[in-house]
Structures are given as C-alpha cells and as structure tokens.
Amino acid sequence: MMHSAWRFLLLGAARVASATCTGSSMMCDGETSKSQCEFWSGCTWSDSSSGGTGCKGSLSVCGRQTTEAFCRVWAGCTWEGGSSGGSGSTVTGGTGGSLNFCFAKIDGGYCSGSTALTCTDGRITASSYCSGGDCEAAFQKSSCGSATFCSGKMAGIYCDGQYVKECTSGNAAPTLLQDCRTAGCSEQLQKASCGTFNFCNTKLSGSHCDGDVVKSCPSDDVVAVCRGTSCQEGLNVASCGDANFCRAKQDGRFCDAGYLKTCADNLQTDLLYCGGVCEDRFQSGECGTANFCVAKTTGDYCDGQILKRCESGDVKTMYYCEGGCMTWYTGAAGCGTPDGSGLSSGARSSSTALAALPLLGLAM
Numbered sequence: 136m137m138h139s140a141w142r143f144l145l146l147g148a149a150r151v152a153s154a155t156c157t158g159s160s161m162m163c164d165g166e167t168s169k170s171q172c173e174f175w176s177g178c179t180w181s182d183s184s185s186g187g188t189g190c191k192g193s194l195s196v197c198g199r200q201t202t203e204a205f206c207r208v209w210a211g212c213t214w215e216g217g218s219s220g221g222s223g224s225t226v227t228g229g230t231g232g233s234l235n236f237c238f239a240k241i242d243g244g245y246c247s248g249s250t251a252l253t254c255t256d257g258r259i260t261a262s263s264y265c266s267g268g269d270c271e272a273a274f275q276k277s278s279c280g281s282a283t284f285c286s287g288k289m290a291g292i293y294c295d296g297q298y299v300k301e302c303t304s305g306n307a308a309p310t311l312l313q314d315c316r317t318a319g320c321s322e323q324l325q326k327a328s329c330g331t332f333n334f335c336n337t338k339l340s341g342s343h344c345d346g347d348v349v350k351s352c353p354s355d356d357v358v359a360v361c362r363g364t365s366c367q368e369g370l371n372v373a374s375c376g377d378a379n380f381c382r383a384k385q386d387g388r389f390c391d392a393g394y395l396k397t398c399a400d401n402l403q404t405d406l407l408y409c410g411g412v413c414e415d416r417f418q419s420g421e422c423g424t425a426n427f428c429v430a431k432t433t434g435d436y437c438d439g440q441i442l443k444r445c446e447s448g449d450v451k452t453m454y455y456c457e458g459g460c461m462t463w464y465t466g467a468a469g470c471g472t473p474d475g476s477g478l479s480s481g482a483r484s485s486s487t488a489l490a491a492l493p494l495l496g497l498a499m
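Positions 136 to 499 (my numbering) are the ones given, in order, by the sequence shown.
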C-alpha cells in the first residue's frame, strides 16, 4: 500500500511538472490548474503531456482556428506544438482582439455606429449597414430602425420607415430584407416592397423602372435601388445606368456609371454597386483597382472601400463596404471603420440577388 501511494504521488508530481501557467501577467506564476490560470487575462495554460499542434484556449473559438495566423488574432488563444516557422514555440494570441468588436461579448445583436451586427462566439457573423444612421439594439437584438419592430405583429413583410423587414413571430428579431433609401417603402396586407406596391400589375414580363428601383416583373422582385445614377429603361429591360449597356458588349464584366455589370449573350446578367469606383480592363472589369489581387497571397483585403477576397492572384469576391473597409493585418480585412468597430471578413452578404442591401457581393 505504501509503495502504491508513493507511486501515485510521483505520477501526480510528474503531471503537474508537465503543465505550466505562463503569460504577460504577474498573476500567471504559481497557478496550478488550467481553470485558475486562464481566469487571469494574459495567462495561458500549457500542458506538454497532451501533445499535438493546434490552437488552444478557454474560448470555444480557439478550437476552430486551423492556422497559427488565425489563432494569433484571438486574445486568450495559444498556438501550441510548433510555429509555422518550425521553431517549436508557443505563441499567445491577441494581435487582433482589440479590433474585433465582438470579442468577449455575449452572443446576440449589437450596434457599432450605423452598423447592426450579430456576435457569435466572439466573432461577427452578420452585419447590415443602416443608411439612415438609425441602428437600434435591445435585449441582445439589433436592427436598422426598430430592434423590437416585430413585437405584436403577425408573420409577414412590413415597412419600418425606409427598411423592408420580415417578421416570423412577435418575439423574433426582424430580418432586414432591403434598404429602400430615398425610394421609400410601401406596404399592404403583411406585404411590402421598395417603391410602389404591386408595381408589376400593369407591366409586361421583364425588368422595369419604378422610380429609381429596378424591378423584375411579374414577380415584383427588387433587383436594385439605384445609387449615384438613375434607373433607365429600354424595351422590357431596365438597369441602373444604361439599360442597353450589354447589347454591344462581348461576354465579360464592364463598368457603367459606378456599377460593374456582367454581360452574357448581349444581356445583363448581374449588377454590382462599386461605390462609384470601377476600372475596366479588357473583358474583366473590377470594382476599385483592376488586377488588385495579382501580387496578393490568399486572403481578404481592402481596396479603398471594396472588400476583396484574393485567391491565387485572382479576385474571387467583391463587396462594397459602405461604412468603410478595415485591415487587421496582411490577408485579414473586413467591413468597418478603424475606430475599433472592425467587422470580420465573415460579415458580408453572400448573394447578389438582394442588390438593394447595403453589403453587396459578386462571386467571380
């Protein structure tokens, strides 16, 4: 029995010796357990007996980081088991934590200036820019206009000032569908639209101008709310800028009145607002600077107010950041402003179908 007891104590001592609490805080020294160590900001618990390489820490977001660069962004996360340079070092994160609006926030909706955003596990997972400057947050919900707009409303689509919103139940946060801007919003029987309600009732099939709103008929779907230029209409075709722009164009992407238009078979098939900055280059026009990604490694970059995803020297997606674009470090950028309200690169629209939304994207 005595031999077994001594063996147990020696094994226990070996385990303690293989784990240490280190960091920039004076509180790190002397802590003997992971929970006590990571209670203190700047302290990291390292257990060499666990082995392996990866991003570790008390935050759930640490375990989802697959590279040292991403791990280093998060304060409280540590890359263990060898750095990308092969030095075998342990690197404690935090280089980008102060710039991440959602760091250490409870999951839910918040306002950062005129941007309504959603925080999940310390990361921004959705955002909408409020052109009316009227972001509102309440009870971990946020929205352009009223955050409690759906309270007491039946399921349906409604106007909240200039915003088209969908309500699923009285207690759910409203879903922002479109920002109608100066075009206004009209509503009837739990249905709403930018511009004139039931506009397509008297229109032939095709796209038409409802003021400065481009609509597809007979569905009444909003294609775009024109910005910086007016809606122009041809024979059952309409667009922001020249409605017949693609008629004499080869297949490709071209600039017209601050928009990037995709042409195929002499028809416009896509439309992206570039914030007024667009550059033509043969059949490969680009919002912002043409060939921006040629010398870039894979990652997200700011080209003025255009957020671009670069892969293998080519631009894969483009998004106009109305509230500004912010660079965290090389290859990591997002929509936001350099006042500490930076949005993650995941906070962006993934569809070009809702072209009236403030964050617009084009997949190349």
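Think of the CB as a built atom: it goes at the ideal place given N, C-alpha and C, for glycine as much as any other residue.
Query, Result
"Given a cut-off of 7 Å on the beta-carbon distance, is the pair Q297 and C320 in contact?", "yes"
"Going by beta carbon distance, what residues of the same chain come within less than 7 Å of G268, once the five residues before and after it are set aside?", "S249"
"For the 8 Å Cβ check, are there 3 or more pairs between the region 356 to 374 and the region 337 to 346?", "yes"
"Check each candidate in T303, T179 and S351 and name the one with the smallest Cα separation from T337.", "S351"
"Ordered along the chain, which non-local residues of its own chain (more than five positions away) have a Cβ less than 6 Å from that of D438?", "G423, T424 and F427"
"Mapping DSSP to helix, strand and coil, what is F389?", "strand"
"Using only alpha-carbon positions, find the residue among Y264, S263, C265 and G244 that is nearest to G257.", "G244"
"Could you tell me the alpha carbon to alpha carbon distance between C133 and D400, rounded to whole angstroms?", "The question about residue 133 has no answer here: the residues shown for the chain are numbered 136 through 499."
"Please state the DSSP three-state secondary structure of A373.", "strand"
"Roughly how many angstroms lie between the CA atoms of K384 and T179, to the nearest whole one?", "59 Å"
"Give the secondary structure of T201 by DSSP, where H, G and I count as helix, E and B as strand, and everything else as coil.", "coil"
"Label S278 either buried or exposed according to how many other C-beta atoms from any shown protein chain fall within 10 Å of its C-beta, with 16 as the threshold for buried.", "buried"
"Determine the direct distance from the alpha carbon of D377 to that of V360, and round the result to whole angstroms.", "15 Å"
"What's the gap between the Cα of C190 and the Cα of D435?", "21 Å"
"Bridge partners for G189 per DSSP, in chain order?", "E215"
"Give the secondary structure of T253 by DSSP, where H, G and I count as helix, E and B as strand, and everything else as coil.", "strand"
"Out of curiosity, what's the CA-to-CA distance linking S170 and G192?", "10 Å"
"Report the rounded CA-to-CA distance for N379 versus C456, giving the unit in angstroms.", "28 Å"
"If contacts are defined as beta-carbon pairs under 8 Å, then F82 and S247 qualify, I think. What distance do you get, rounded to the angstrom?", "An answer regarding residue 82 cannot be provided, because it is not within the stretch 136 to 499 covered by the chain."
"To which residues of the same chain is C390 closer than 8 Å at the C-beta, ignoring the five residues directly before and after it?", "K396, C409, C413, E414, D415 and G420"
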